[in-house]
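Note sheet for the following structure.
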Amino acid sequence: MKHDKSFDVLVCGGGHAGIESALIASKLGCSVLLVTLDTKAIGRMSCNPAIGGLAKGQIVREIDVLGGVMGLATDHSGIQFKILNQSKGKSVWSPRAQVDKREYESYVSSRVLNNNKIEVLQGEVVSLLCSKGRVQGVVLRSGARAFGKAVILTCGTFLNGLIHIGQKKIRAGRMGESGAEGITEFLLSLGFVAGRLKTGTPPRLDGSSVNWNKTSTTHGDELPLPFSYETSSFDPPNVACHTTTTNLNCKEVIQENLKLSPMFSGDVGGVGPRYCPSIEDKVYRFAHHDSHTLFLEPEWLRSDQIYLNGFSTSLPEHIQIKALRLVPGLEHVRFFRPGYAIEYDFFSPAQLKSSLETKNLSGLFFAGQINGTSGYEEAAAQGLIAGINAAKLIQEKEPLILKRSEGYIGVMIDDLITKDTLEPYRMFTSRAEYRILLRFSNAHTRLCAHADKNNLLSPAREKKIRASLALIDKMLESLNRSVLPSKINSKLLALGENTINQATPLKNILKRPSVTLDSLALSVLSESNKEATAREAKIEVEAIIKYEGYIKRQQDQVDKMKKNESTPLPNNINYFEIKSISNEAREKLSFVRPETFGQAMRVSGVTPADISALSVLFLKRT
Numbered sequence: 008m009k010h011d012k013s014f015d016v017l018v019c020g021g022g023h024a025g026i027e028s029a030l031i032a033s034k035l036g037c038s039v040l041l042v043t044l045d046t047k048a049i050g051r052m053s054c055n056p057a058i059g060g061l062a063k064g065q066i067v068r069e070i071d072v073l074g075g076v077m078g079l080a081t082d083h084s085g086i087q088f089k090i091l092n093q094s095k096g097k098s099v100w101s102p103r104a105q106v107d108k109r110e111y112e113s114y115v116s117s118r119v120l121n122n123n124k125i126e127v128l129q130g131e132v133v134s135l136l137c138s139k140g141r142v143q144g145v146v147l148r149s150g151a152r153a154f155g156k157a158v159i160l161t162c163g164t165f166l167n168g169l170i171h172i173g174q175k176k177i178r179a180g181r182m183g184e185s186g187a188e189g190i191t192e193f194l195l196s197l198g199f200v201a202g203r204l205k206t207g208t209p210p211r212l213d214g215s216s217v218n219w220n221k222t223s224t225t226h227g228d229e230l231p232l233p234f235s236y237e238t239s240s241f242d243p244p245n246v247a248c249h250t251t252t253t254n255l256n257c258k259e260v261i262q263e264n265l266k267l268s269p270m271f272s273g274d275v276g277g278v279g280p281r282y283c284p285s286i287e288d289k290v291y292r293f294a295h296h297d298s299h300t301l302f303l304e305p306e307w308l309r310s311d312q313i314y315l316n317g318f319s320t321s322l323p324e325h326i327q328i329k330a331l332r333l334v335p336g337l338e339h340v341r342f343f344r345p346g347y348a349i350e351y352d353f354f355s356p357a358q359l360k361s362s363l364e365t366k367n368l369s370g371l372f373f374a375g376q377i378n379g380t381s382g383y384e385e386a387a388a389q390g391l392i393a394g395i396n397a398a399k400l401i402q403e404k405e406p407l408i409l410k411r412s413e414g415y416i417g418v419m420i421d422d423l424i425t426k427d428t429l430e431p432y433r434m435f436t437s438r439a440e441y442r443i444l445l446r447f448s449n450a451h452t453r454l455c456a457h458a459d460k461n462n463l464l465s466p467a468r469e470k471k472i473r474a475s476l477a478l479i480d481k482m483l484e485s486l487n488r489s490v491l492p493s494k495i496n497s498k499l500l501a502l503g504e505n506t507i508n509q510a511t512p513l514k515n516i517l518k519r520p521s522v523t524l525d526s527l528a529l530s531v532l533s534e535s536n537k538e539a540t541a542r543e544a545k546i547e548v549e550a551i552i553k554y555e556g557y558i559k560r561q562q563d564q565v566d567k568m569k570k571n572e573s574t575p576l577p578n579n580i581n582y583f584e585i586k587s588i589s590n591e592a593r594e595k596l597s598f599v600r601p602e603t604f605g606q607a608m609r610v611s612g613v614t615p616a617d618i619s620a621l622s623v624l625f626l627k628r629t
């Protein structure tokens with residue numbers, strides 16, 4: 008870019024958040040400039056070669072219903088698909104896919120580079136252009152400027168990134184790529200509050216050095232389900248992954264060398280993820296365990312480069328090798344690349360509105376790891392919401408705000424802006440109090456109204472979603488009719504269920520534990536099991552019928568909460584003047600500045616007594 012140019016939306020960062028921001032903003036009619044440190048790294052998967060998982064799979068489905076690309080990219084590049092948690096209730100079933108990292112990157116980067124409303128620029132943003140409390144553009148290290156009506160920062164781990172391998176330190180955003188310096192310092196000068204976090208990645212093994220006969224094999228589902236409603240002709244490969252376990256000898260090597268880990272020597276100041284601990288953390292925190300499971304996952308099809316899931320580490324490379332060569336199957340292992348830790352800057356997400364626009368500077372949005380989250384899916388979801396709301400801001404329309412009862416994306420954003428972020432935030436089903444309502448199989452039911460209202464979907468995806476919803480309605484309608492004992496009792500006996508003695512609605516029979524839609528073998532449900540749409544519709548229909556009472560109970564709870572949830576709070580309240588609330592509540596509410604009464608109730612450190620006092624005062628003022 009030789010001359011200063013103007014765009015509607017400027018996106019800074021070409022990772023999972025930045026991609027979704029750029030694509031959805033362009034879909035909504037905005038001209039977009041995507042600034043990235045390396046145009047050849049757009050959509051790169053920095054860590055594990057997988058998309059989805061517990062709660063994360065639900066997020067990807069929600070992204071798809073709201074017009075995002077992650078689900079399609081996963082279906083295009085996936086090499087193994089599996090529904091997790093099938094031994095539990097359908098409300099916590101979660102799709103996951105191993106993907107070919109090269110194919111994934113190629114697919115999403117082509118979507119960006121071939122979009123005529125997106126201009127891509129290789130460069131580094133070092134500061135912002137601001138005037139009268141509003142962002143107006145960005146300044147690059149080259150001195151070039153780009154003007155925009157909205158700016159979205161999706162910087163990943165690149166803000167003052169520092170890699171640690173033992174005592175070795177490398178300034179980088181990830182291995183082999185330079186970090187970003189300047190933007191943190193500029194934001195601090197504007198009064199933003201920043202912190203430091205840490206994450207890590209395991210070594211990449213040379214698969215030709217692994218004795219696969221000493222490992223166990225795991226496969227995906229024989230009849231896989233796609234992530235995207237738009238996907239058709241879905242017949243992915245089912246590539247095997249493998250597992251092995253560490254042992255006492257491996258544990259002792261790690262214990263003896265903990266002092267060489269920067270996490271234990273004090274060299275790393277950032278806080279690491281509680282729920283994705285390094286192998287050093289596992290050995291230290293769970294000393295009573297002598298072994299831990301390791302997953303060997305191919306990084307792409309026919310790849311000898313293996314991702315060692317479960318062995319994230321920042322130990323010196325020679326210690327990593329020494330410990331792993333004591334593990335069955337890895338006695339002669341070689342590395343393509345050692346594991347490492349990386350610490351980076353983030354900004355407290357309590358400084359954001361529910362739209363992901365910053366409270367300090369109008370038109371500036373944050374998405375992804377800059378908000379303290381961890382994971383591709385969490386980043387992509389934030390990028391999508393930020394992109395939608397940047398476009399809405401420019402078009403002077405109401406932002407898209409998802410409630411906690413509407414999606415895991417809503418839960419995540421609400422958690423981020425109301426709770427202290429002391430460690431990398433990762434989504435789990437347990438974070439959602441209404442998780443029975445937030446099934447992976449009903450993402451379209453929950454969110455299609457938002458998609459329609461905001462014009463987020465392509466015609467092809469909208470058509471597929473409507474067909475799926477129609478099929479679910481058709482199945483539910485068929486279950487309202489009654490069946491005679493002579494038509495069903497033989498099937499019930501075969502399933503070990505009690506027989507019926509009078510005509511009974513089919514939905515009542517389906518509520519029995521052993522009964523499934525397939526076992527009922529109804530003609531209206533005879534769509535081929537090979538059809539992913541029909542198989543997924545059956546999962547959703549069974550959930551609706553079998554969990555009917557629980558679903559109604561949670562919906563009643565949602566309805567009762569609606570009044571408090573949506574009651575607005577003035578943005579100019581001086582909480583330090585309110586003597587009837589605790590000192591901690593004054594501090595937390597002043598920092599977070601909740602937008603609604605519901606958000607105030609969830610701010611950490613704010614008690615029911617504080618809420619009661621605030622309610623009395625708030626009602627008096629209004």
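Take the sequence shown: its letters are residues 8 to 629, numbered as in my numbering. Note that beta-carbon positions come from the ideal geometry of N, C-alpha and C, so glycine has one too.
query: Taking C-beta to C-beta, are F435 and A62 nearer than 7 Å?
result: Mapped onto the sequence shown, residue 435 falls at position 428. Mapped onto the sequence shown, residue 62 falls at position 55. Annotated as proximal: F435 and A62, with beta-carbon spacing under 7 Å.
- prompt: Measuring CB to CB, does C257 end up less than 7 Å from T225?
  reply: On the sequence shown, residue 257 is found 250 positions in, with the first residue counted as 1. On the sequence shown, residue 225 is found 218 positions in, with the first residue counted as 1. No Cβ-Cβ contact shorter than 7 Å links C257 with T225.
message: List, from N- to C-terminal side, the beta strand (DSSP E) runs of 3 residues or more that fit wholly inside the region 300 to 378.
response: With a minimum length of 3 residues, the continuous beta strand (DSSP E) runs that stay inside the region 300 to 378 are 300 to 305, 312 to 316, 342 to 344, 347 to 354, 371 to 373.
message: L166 and D352 - do their beta-carbons sit closer together than 7 Å?
response: Counting from 1 along the sequence shown, the entry for residue 352 is found at position 345. Counting from 1 along the sequence shown, the entry for residue 166 is found at position 159. Cβ atoms of D352 and L166: closer than 7 Å.
query: Got a sec? Which residues, its chain only, sit under 6 Å from I170 by beta carbon, not counting five neighbours each side?
result: Sequence index remark: in the sequence shown, residue 170 carries index 163 (1-based). Here I170 has I177, A179, Y347, I349 as same chain residues with Cβ atoms under 6 Å from its own Cβ, once five neighbours each way along the sequence are excluded.
field: Alpha carbon of L429 to alpha carbon of G379, nearest angstrom
entry: Here residue 429 refers to the residue found at position 422 of the sequence shown. Here residue 379 refers to the residue found at position 372 of the sequence shown. If you take the alpha carbons of L429 and G379, they lie about 8 Å apart.
- prompt: Do you know how far the Cα of T43 is from the Cα of G150?
  reply: Residue mapping note: residue 150 aligns to position 143 of the sequence shown, counting from 1. Residue mapping note: residue 43 aligns to position 36 of the sequence shown, counting from 1. Taking the straight line from one Cα to the other gives about 15 Å.
task: Determine the contact status of G155 and V16, defining contact as a CB-CB distance below 7 Å.
output: As a working mapping, residue 155 is identified with position 148 in the sequence shown. As a working mapping, residue 16 is identified with position 9 in the sequence shown. G155 is a Cβ neighbour of V16, given a cutoff of 7 Å.
query: Are there 16 or more other CB atoms within 10 angstroms of the CB of T629, so buried, or fewer, so exposed?
result: Residue mapping note: residue 629 aligns to position 622 of the sequence shown, counting from 1. Note that T629 scores a pLDDT of 44, beneath 50, so its modelled location is shaky and nothing firm can be said.
- request: Please say whether D71 and W307 have beta carbons closer to each other than 7 Å?
  value: Within the sequence shown, residue 307 is the residue found at index 300, counting from 1. Within the sequence shown, residue 71 is the residue found at index 64, counting from 1. No, they are not a contact pair.
message: Could you compute how far the alpha carbon of P356 sits from the alpha carbon of K545?
response: Against the sequence shown, residue 356 aligns to sequence position 349. Against the sequence shown, residue 545 aligns to sequence position 538. When rounded, the separation of the alpha-carbon atoms in P356 and K545 is 39 Å.
- prompt: Just how far apart, CA to CA, sit S493 and S485?
  reply: Mapped onto the sequence shown, residue 493 falls at position 486. Mapped onto the sequence shown, residue 485 falls at position 478. About 18 Å.
query: Below 8 Å, can you find three or more Cβ-Cβ pairs linking the region 613 to 621 to the region 585 to 598?
result: Yes: the two stretches touch, three or more of their Cβ pairs being nearer than 8 Å.
- prompt: Near S223, which residues of its chain fall below 8 Å by C-beta distance, leaving aside the five closest residues on each side in sequence?
  reply: Reading the sequence shown from its first residue, position 216 is the one you call residue 223. These residues qualify, in order along the chain: H249, T250, T251.
- request: Flag this pair as yes or no: are the beta carbons of T253 and H299 separated by less than 7 Å?
  value: For the purposes of this step, residue 253 is taken as residue 246 along the sequence shown, with counting starting at 1. For the purposes of this step, residue 299 is taken as residue 292 along the sequence shown, with counting starting at 1. Contact: yes.
query: So L517 is in the alpha helix (DSSP H); what residue range does that whole segment cover?
result: Counted from its first residue, the sequence shown places residue 517 at position 510. Residues 513 to 517.
- request: Along the beta strand (DSSP E) that carries E126, what are the first and last residues, could you check?
  value: Within the sequence shown, numbered from 1, the residue matching residue 126 stands at position 119. For E126, the enclosing beta strand (DSSP E) begins and ends at 125 to 129.
Which of helix, strand or coil DSSP assigns to S485: Counting from 1 along the sequence shown, the entry for residue 485 is found at position 478. Note: S485 maps to helix in three-state DSSP.
query: Are E413 and R468 close, meaning C-beta to C-beta below 7 Å?
result: Here residue 413 is taken as the residue at index 406 of the sequence shown, counted from 1. Here residue 468 is taken as the residue at index 461 of the sequence shown, counted from 1. Not closer than 7 Å, so no.
message: Using 8 Å for Cβ pairs, my map puts R411 next to D421. What's the rounded Cβ distance?
response: In the sequence shown, the residue the question calls residue 411 occupies position 404. In the sequence shown, the residue the question calls residue 421 occupies position 414. So it is a contact: roughly 5 Å between Cβ atoms.
message: Can you tell me whether C162 is helix, strand or coil according to DSSP?
response: The residue labelled residue 162 in the question sits at position 155 within the sequence shown. Three-state DSSP puts C162 in coil, outside helix and strand.
field: Close Cβ partners of F241 (< 6 Å) along its chain, the five nearest in sequence each way excluded
entry: Locating residue 241 in the sequence shown gives position 234, where the first residue counts as 1. The answer, listed in chain order, is P233, A539.
- prompt: Quick one: what does DSSP say V39 is sitting in, helix, strand or coil?
  reply: To locate residue 39, count along the sequence shown from 1; it is residue 32. Strand at V39.
query: For the 8 Å Cβ check, are there 3 or more pairs between the region 440 to 456 and the region 552 to 563?
result: The region 440 to 456, when compared against the region 552 to 563, does touch it at the 8 Å Cβ threshold.
Spatial neighbours of L502 in its chain, beta-carbon cut-off 7 Å, leaving aside the 5 residues before and after: By one-based count along the sequence shown, residue 502 stands at place 495. Same-chain partners within the cutoff: S521, V522, S526.
Span of the alpha helix (DSSP H) around C257: Within the sequence shown, the letter at position 250 stands for residue 257. C257 -> alpha helix (DSSP H) spans 255 to 263.
message: Within the continuous beta strand (DSSP E) that includes R609, where are the two ends?
response: As a working note, residue 609 is residue 602 in the sequence shown. Premise fails: R609 lies in the alpha helix (DSSP H), 604 to 609, not in any beta strand (DSSP E).
Opening and closing residue of the alpha helix (DSSP H) in which S526 lies: In the sequence shown, the residue the question calls residue 526 occupies position 519. 524 to 527 is the extent of the alpha helix (DSSP H) around S526.
field: Close-in-space but distant-in-sequence residues of the same chain around N449 (CB under 6 Å, 5 per side omitted)
entry: The residue given as residue 449 occupies position 442 in the sequence shown. Counting only Cβ-Cβ distances below 6 Å, and skipping sequence neighbours, we find E547.
query: By a C-beta neighbour count over all protein chains shown, 10 Å radius and 16 as the cutoff for buried, is E27 buried or exposed?
result: Position 20 of the sequence shown, counting from 1, holds the residue named residue 27. Here E27 is buried. Its C-beta has 16 or more other C-beta atoms within 10 Å.
query: Nearest to I313 by alpha carbon, out of E549, S216, L423?
result: For the purposes of this step, residue 313 is taken as the residue at position 306 of the sequence shown. Ranked by how close their Cα comes to the Cα of I313, the residues E549, S216, L423 have S216 in first place.
- request: Evaluate W219 with the Cβ neighbour count: other Cβ atoms within 10 Å of its Cβ, from every protein chain shown; 16 or more gives buried, anything less gives exposed.
  value: Translated into positions along the sequence shown, residue 219 becomes position 212. When all chains shown are included, W219 counts as exposed.
- prompt: Looking only at C-alpha atoms, which of K89, Q402, V67, S321 sits nearest to P243?
  reply: Counted from its first residue, the sequence shown places residue 243 at position 236. Ranked by Cα distance from P243, the options K89, Q402, V67, S321 are led by K89.
query: So what's G202 in DSSP terms, helix, strand or just coil?
result: Counted from its first residue, the sequence shown places residue 202 at position 195. G202 falls in the strand class under three-state DSSP.
field: Cβ distance (whole Å) where R638 is taken to contact V133 below 8 Å
entry: Residue 638 is absent from the model: the chain starts at 8 and stops at 629.
message: Using a 10 Å radius around the Cβ and a threshold of 16 neighbouring Cβ atoms, would you call N316 buried or exposed?
response: Residue numbering aside, residue 316 sits at position 309 when the sequence shown is read from its first letter. Counting Cβ neighbours within 10 Å, N316 comes out buried, since at least 16 surround it.
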